[in-house]
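K.L.:
Positions in the sequence shown are counted from 1; adding 52 to them yields the working numbering.
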Amino acid sequence: MNEPSQIITPGLSRRGFIRTTGGAVAGGALLGALAPERFAHAASGTDELKIALIGAGGRGSGAANQALSTYALGPVKLVAIADVHEDRMKGSLANLEKTHGARVDVPQERQFIGFDGFKKALETCDVAILATPPGFRPAQFEEAIRQGKHVFMEKPVAADAAGVRQVLAAAAEAKKKGLKVGVGLQRRHQAGYLETVKRLHEGAIGDITSMRCYWNGSRPWQKKRVDLEKQYGRKLTEMEYQLRNWYYFTWLSGDHIAEQHIHNIDVINWVKKGHPVKARAMGGREITNSPDDGEIYDHFACEFEYEDGSICYSYCRHQPGTWNSVSEHVQGTKGKSDVGGNKIFGDEQWRFKAEGAKDPYQQEHDDLFDAIRNNKDFNEAVSGAESTMTAILGRMAAYSGKELDWKAALDSKIELVPKELGWDKPTLVNPGPDGYYPKAVPGKTAVI
Ligand SMILES: NC(=O)c1ccc[n+]([C@@H]2O[C@H](COP(=O)([O-])OP(=O)(O)OC[C@H]3O[C@@H](n4cnc5c(N)ncnc54)[C@H](O)[C@@H]3O)[C@@H](O)[C@H]2O)c1
């Protein structure tokens, strides 16, 4: 099941973007009083926020569209794009230019192709959008914070524990520098979820004693090697193939428990105000088994145990024709809630009425840009990293077949992302002589 909002939507109405009246004015008044390193855009003497897009695929292009659509809060401009693939960059740029006209100013010299292009793109901007496959996120986030940039980064924020540690360290640095960080877990900006979780936190169903969440659907997009080689008229290097078909490699996507199911896991962590301390899990590949399925599993079933002893039962699968659900549910001592359905069955029955609620993909950008302009506290990197780590913990427990605790998993010394990146550089995961990739075998595979 693909996630929505990966395409550029036409410009939204000006009125729709105004969250607080006079926000930009208040921001302008504040800017003069703040040190330039805290507000990179203040150095230019205008309140224009320059944006760089790193990873100009479906979601990155959508996020750039949403960032540019915050113009009612103050001027914004897309000034640079970095991507490893020129075709992806050109397509994205053409679409954004069509939708946003002069708000897109990315001449040839600010189009950066290659694995290191993001560093140069970061130099040009105030706000970075990081939307490559997740494996690259920690290094790019670290560099963005080192350069003093505000960040919107997509979920998951890493593909392995080492990456999560890197993001947590950079998150602390961002806090020190007063930089704002948004993470693409948009349910946290969706009116129905916000109201439901608020009521749960206020005790609408008493203490929450058990939780369930699901991302059960079918396999998303897939790039077959044979089709890619036909399309490009040549053999691809292994690195190039894995990047084009990134979903199917754990070092790039984190596996689907991290890439998709993180949304539901994040809702549970949000409701529980923390992350689990332990996980037990099962998983495997039941029906997807071709070389183009790479190394990821097609199903996971996890128990996440929280500090108070409550357990979240989490399920995700890529199996067409099966029971299908993307949802979160919690049971309390005084009732229950369908959190994703925004319903509470407690002493009173309550359901959120959605009239006028804004697209959460737009809302998360409005919230971030409002925080940047008005110096509001806004750093989602830690909660984003914790939800990423929760999904990775479930994956590690399933791959290994062991019960794992949070700290041992977070301290794992196994790094999945190669240190050296380049089209001819070696990948750490490679197909065997039959073209199939090795997959994790519970009871045998080591994860820590
Ligand atoms: N929040 C959501 O609902 C949501 C929805 C979809 C995707 N996402 C997330 O967004 C991210 C991107 O997903 P997508 O669907 O846009 O994928 P995509 O394949 O469409 O885009 C990825 C882009 O990154 C580029 N890229 C790859 N490696 C790179 C590198 N090292 N440096 C620079 N560019 C690089 C690719 O060429 C491509 O243009 C993923 O983390 C995904 O989980 C989030």
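Yeah, the Cβ is synthetic: ideal placement off N, Cα and C, and Gly gets one too.
Determine, using beta carbons only, whether I133 and A119 come nearer to each other than 7 Å.
P.N.:
Cβ atoms of I133 and A119: not closer than 7 Å.
K.L.:
What did DSSP end up calling N268 once you bin it into helix, strand or coil?
P.N.:
In the structure shown, N268 sits in a strand (DSSP, three-state: E or B).
K.L.:
Taking only three categories from DSSP, how would you classify E338?
P.N.:
Coil.
K.L.:
Counting pairs of beta carbons, one from the stretch 388-404 and one from the stretch 355-365, are three or more of them closer than 8 Å?
P.N.:
Too few Cβ pairs lie closer than 8 Å, so no.
K.L.:
Where does L473 fall in DSSP's three states?
P.N.:
In the structure shown, L473 sits in coil (DSSP, three-state: anything other than H, G, I, E or B).
K.L.:
Just checking, does the stretch 155-164 make contact with the stretch 140-147 on the three C-beta pairs under 8 Å criterion?
P.N.:
They touch, by the three-pair rule.
K.L.:
Whole angstroms is fine: what's the gap from V469's alpha carbon to F404's?
P.N.:
If I take the Cα positions, the gap works out to 42 Å.
K.L.:
Per DSSP, what are the beta-bridge partners of K395 in this structure?
P.N.:
D390, R403, per the DSSP bridge assignment.
K.L.:
Where do the ends of the alpha helix (DSSP H) carrying R513 lie?
P.N.:
Absent from the structure is residue 513, since the part of the chain shown begins at 53 and ends at 500.
K.L.:
Beta carbon of P51: closer than 6 Å to some heavy atom of ligand 1?
P.N.:
The requested residue 51 is not part of the displayed model; the chain covers only 53 to 500.
K.L.:
Given this structure, state the Cα-to-Cα distance separating K386 from T248, to the nearest angstrom.
P.N.:
Rounded to the nearest angstrom, the two C-alpha atoms are 15 Å apart.
K.L.:
Starting from K324, trace the alpha helix (DSSP H) in both directions and tell me its first and last residue.
P.N.:
Start and end: 314-324.
K.L.:
I need the DSSP call for T261, collapsed to helix, strand or coil.
P.N.:
If DSSP states are grouped into helix, strand and coil, T261 belongs with the strands.
K.L.:
Hey, would you say the C-beta of A108 is under 6 Å away from at least one heavy atom of ligand 1?
P.N.:
The answer is yes for A108.
K.L.:
Just to check my reading of the structure: T289 and D476 have Cβ atoms closer than 8 Å, yes? What is that Cβ distance to the nearest angstrom?
P.N.:
With 8 Å as the limit, T289 and D476 qualify as a contact, their Cβ atoms being about 6 Å apart.
K.L.:
Any heavy atom of ligand 1 closer than 6 Å to the CB of T442?
P.N.:
No, the Cβ of T442 stays beyond 6 Å of every heavy atom of ligand 1.
K.L.:
Would the beta-carbon of Y489 fall within 7 Å of that of E347?
P.N.:
The answer is yes: Cβ separation under 7 Å.
K.L.:
Could you name the residues of the same chain whose beta carbon sits closer than 6 Å to that of G187, not counting the 5 residues immediately before and after it, in chain order?
P.N.:
Correct list, in chain order: A211, W303, L304, V469.
K.L.:
For a minimum of 4 consecutive residues, which ranges assigned as the alpha helix (DSSP H) are wholly contained in the stretch 106-144?
P.N.:
With a minimum length of 4 residues, the continuous alpha helix (DSSP H) runs that stay inside the stretch 106-144 are 110-120.
K.L.:
Classify K459 as buried or exposed, calling it buried when 16 or more other Cβ atoms lie within 10 Å of its own Cβ.
P.N.:
K459 should be labelled exposed.
K.L.:
Within 10 Å of its beta-carbon, does S342 have 16 or more other beta-carbons around it, so buried, or fewer, so exposed?
P.N.:
S342 is exposed by the Cβ-count criterion.
K.L.:
Just to check my reading of the structure: E380 and I320 have Cβ atoms closer than 8 Å, yes? What is that Cβ distance to the nearest angstrom?
P.N.:
Contact flag correct, Cβ pair sits at about 6 Å.
K.L.:
Identify the continuous beta strand (DSSP E) that holds A180 and give its terminal residues.
P.N.:
Per DSSP, A180 belongs to the beta strand (DSSP E) from 179-182.
K.L.:
Secondary structure at R286, three-state DSSP: helix, strand or coil?
P.N.:
It is coil, neither helix nor strand.
K.L.:
Is A222 near E194, with beta carbons less than 7 Å apart?
P.N.:
Result yes, Cβ atoms of A222 and E194 sit closer than 7 Å.
K.L.:
Whole-angstrom Cβ separation of R140 and G109, contact assumed at under 8 Å?
P.N.:
Indeed, because the Cβ distance is near 6 Å, the residues count as touching under 8 Å.
K.L.:
In terms of residues, what are the limits of the alpha helix (DSSP H) holding S379?
P.N.:
First-last for S379: 377-384, but that is the beta strand (DSSP E), not the alpha helix (DSSP H).
K.L.:
Let me make sure I understand the geometry here. Which of R251, P185, E138 has the alpha-carbon closest to that of I165?
P.N.:
If we check each option's Cα against that of I165, E138 comes out closest.
K.L.:
In whole angstroms, what separates the C-alpha of R251 from that of I466?
P.N.:
The alpha-carbon atoms of R251 and I466 are separated by roughly 40 Å.
K.L.:
Check whether the stretch 429-439 and the stretch 308-324 are in contact - that is, three or more C-beta pairs closer than 8 Å.
P.N.:
Output reads yes: the stretch 308-324 touches the stretch 429-439.
K.L.:
Closer than 6 Å to a non-hydrogen atom of ligand 1 - does that hold for the CB of A437?
P.N.:
Not so, every heavy atom of ligand 1 lies at least 6 Å from the Cβ.
K.L.:
What first and last residue would you give for the alpha helix (DSSP H) that runs through E355?
P.N.:
No alpha helix (DSSP H) holds E355; the beta strand (DSSP E) holding it covers 351-357.
K.L.:
Where do the N-terminal and C-terminal ends of the beta strand (DSSP E) with G164 fall, by residue?
P.N.:
Just to set this straight, residue 164 is Phe in the shown sequence, not Gly. Start and end: 163-165.
K.L.:
Does the distance between the C-beta of R155 and the nearest non-hydrogen atom of ligand 1 fall short of 6 Å?
P.N.:
Checking the Cβ of R155 against ligand 1 gives no.
K.L.:
Do you know how far the Cα of D419 is from the Cα of W267?
P.N.:
One C-alpha to the other measures close to 26 Å.
K.L.:
Is V136 near ligand 1 - that is, is its Cβ less than 6 Å away from at least one heavy atom of it?
P.N.:
At least one heavy atom of ligand 1 is nearer than 6 Å to the Cβ of V136, so yes.
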